[in-house]
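To keep things clear, I will list the structure first and then write my remarks on it.
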Amino acid sequence: MIKYDFIVAQKLVNDPTDHHQFISMAQEVKMNLTKHPQYITADNGYLTDEAAEYSYKHNIITIMPDRTESMKIKRKKDNNRFSKTHFQYIWEEDVYICPQNNKLEYQNNRKLNNKLNRVYSTTKCKTCPYNQKCCKGRKKEIFHSAHPLRIKMREDYNSDLGKKIYKKRFHTGETYFAIIKKSRKFPGIQRKTIKKAQTELTLQTIAHNIKIIHKHLTPH
Ligand code: SF4
0 MIKYDFIVAQ
10 KLVNDPTDHH
20 QFISMAQEVK
30 MNLTKHPQYI
40 TADNGYLTDE
50 AAEYSYKHNI
60 ITIMPDRTES
70 MKIKRKKDNN
80 RFSKTHFQYI
90 WEEDVYICPQ
100 NNKLEYQNNR
110 KLNNKLNRVY
120 STTKCKTCPY
130 NQKCCKGRKK
140 EIFHSAHPLR
150 IKMREDYNSD
160 LGKKIYKKRF
170 HTGETYFAII
180 KKSRKFPGIQ
190 RKTIKKAQTE
200 LTLQTIAHNI
210 KIIHKHLTPH
C-alpha cells in the first residue's frame with residue numbers, strides 16, 4: 000500500500016524466476032484486502048500473457064514495462080548501438096525509430112517461439128551505411144508481442160498515469176528493503192526449510208507493518 004508503505008502480501012517461493020508469481024501474488028493481495036486492487040505495478044520479470052489476461056479479467060490496471068523498457072530503466076549497458084534497446088518505440092504512431100533516425104513501420108504478424116508477434120521494418124536498410132553492422136545485409140526487423148492485452152499494457156505503461164504510478168514503485172521497494180536490511184540489520188533468511196523460512200519472512204513483515212502503524216499513531 001503505497002500511501003503508508005504497508006506490505007499487504009508476501010510469499011516465499013523457490014522458483015528462480017518471477018515469471019509465474021503474478022497471479023498468485025495478486026490473489027494473495029485480494030485475499031488480504033478483501034478486494035481486487037485497482038492498480039498493480041510489477042517489474043518485467045512478471046510479464047506474461049497470463050498476467051495480462053488475469054489483469055484484464057479482474058479489471059486491474061497493471062503497469063509493467065516490457066523487456067526493452069525495463070532495460071532502459073535499469074540503464075543496462077548495451078554497447079551494440081544496433082540492438083533493439085536502441086530502437087525507440089513511438090507508441091502514438093506505432094513505429095520504431097532506428098539509430099539512423101529511420102522509421103520502422105508495422106508490416107505483418109509472425110510467430111516467434113510459438114507466440115504471435117508484430118513485425119516492424121523499413122526499406123531504408125538496403126542503402127544504409129550501417130547495414131552490415133545492423134542486420135548483416137538483410138533488412139532489420141523488430142518484433143514485439145501481438146497479444147492485444149500486451150499491447151494494451153504497453154499503452155498503459157506509456158501513459159502519463161502509468162509513468163506516474165510506476166515511479167512510486169521505486170520508492171516503495173527501496174524503502175522496505177532499505178529498512179529491513181540496514182536499520183534492522185536483517186542478514187537474509189536464515190531458516191533452511193521453506194516452511195520455517197516463510198515464518199521468518201512473515202515475522203519480518205509483521206515487524207515492518209507494526210513500525211508503520213506506530214509511526215502513524217505517534218503524535219508528531
Ligand atoms: S540498417 Fe536499417 S534499421 Fe539499421 S540503422 Fe540502417 S536503416 Fe536503420
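Position one of the sequence shown corresponds to residue 0 (numbering that gives the first Met the number 0), numbered consecutively onward.
We put the beta carbon where it would ideally sit given N, CA and C, even for glycine.
Quick one: what's got a C-beta closer than 7 Å to H215's C-beta in the same chain, skipping five residues either side?
-> Apart from sequence neighbours up to five positions away, the residues of its chain that approach H215 with a beta-carbon distance below 7 Å are Y3, ordered along the chain.
Identify, in the order they occur along the chain, each residue of the same chain with its Cβ nearer than 6 Å to the Cβ of E140, setting aside the five sequence neighbours on each side.
-> V118, S120
Cβ-heavy atom distance between N101 and ligand 1 below 7 Å?
-> yes
Output the residue ranges of the alpha helix (DSSP H) runs that lie fully inside the stretch 102-160 and measure 4 residues or longer, sorted by chain position.
-> 130-134, 147-157
Taking the beta strand (DSSP E) that V94 falls in, what are its first and last residues?
-> 94-96
Same chain, Cβ closer than 7 Å to R17, five either side skipped, listed in chain order = Reading the sequence as shown, one finds Asp at residue 17 and not Arg. Contacts found: G44, Y45.
Rounded straight-line distance, which links the Cα of L115 to that of I62 | 22 Å
In terms of alpha-carbon separation, which member of H143, N79, N101, T201 lies closest to D65?
-> H143
Proximity below 8 Å, CB of S69 to CB of D48 | Between S69 and D48, the C-beta spacing is not below 8 Å.
Quick one: give me the first and last residue of the beta strand (DSSP E) that Y53 is part of.
-> No beta strand (DSSP E) contains Y53, which is instead part of the alpha helix (DSSP H) from 48-56.
L160 to I6 span [Cα, whole Å] = 23 Å
Can you pull the DSSP bridge partners for T40?
-> I62
Same chain only: Cβ atoms within 6 Å of A145, ignoring 5 sequence neighbours per side | N108, L115, N116, R117
Around the Cβ of S243, are there at least 16 other Cβ atoms within 10 angstroms (buried) or fewer (exposed)?
-> Residue 243 is absent from the model: the chain starts at 0 and stops at 219.
Q99 and Y129 closer than 8 Å at C-beta | yes
Are the Cβ atoms of I164 and Y38 separated by less than 8 Å?
-> In this structure, Y38 lies closer than 8 Å to I164 by Cβ.
In terms of residues, what are the limits of the beta strand (DSSP E) holding I211?
-> Segment 193-216 is the alpha helix (DSSP H) holding I211; no beta strand (DSSP E) there.
With burial defined as no fewer than 16 other Cβ atoms inside 10 Å of the residue's Cβ, what is the status of H207: buried or exposed?
-> buried
Sequence-distant residues of its chain with Cβ nearer than 8 Å to Y105 (five each side left out) = D93, V94, R117, V118, Y119
Of the residues E154, K166, H213, A8, which one's Cα is nearest the Cα of I89?
-> For the residues E154, K166, H213, A8, the minimum Cα distance to I89 belongs to E154.
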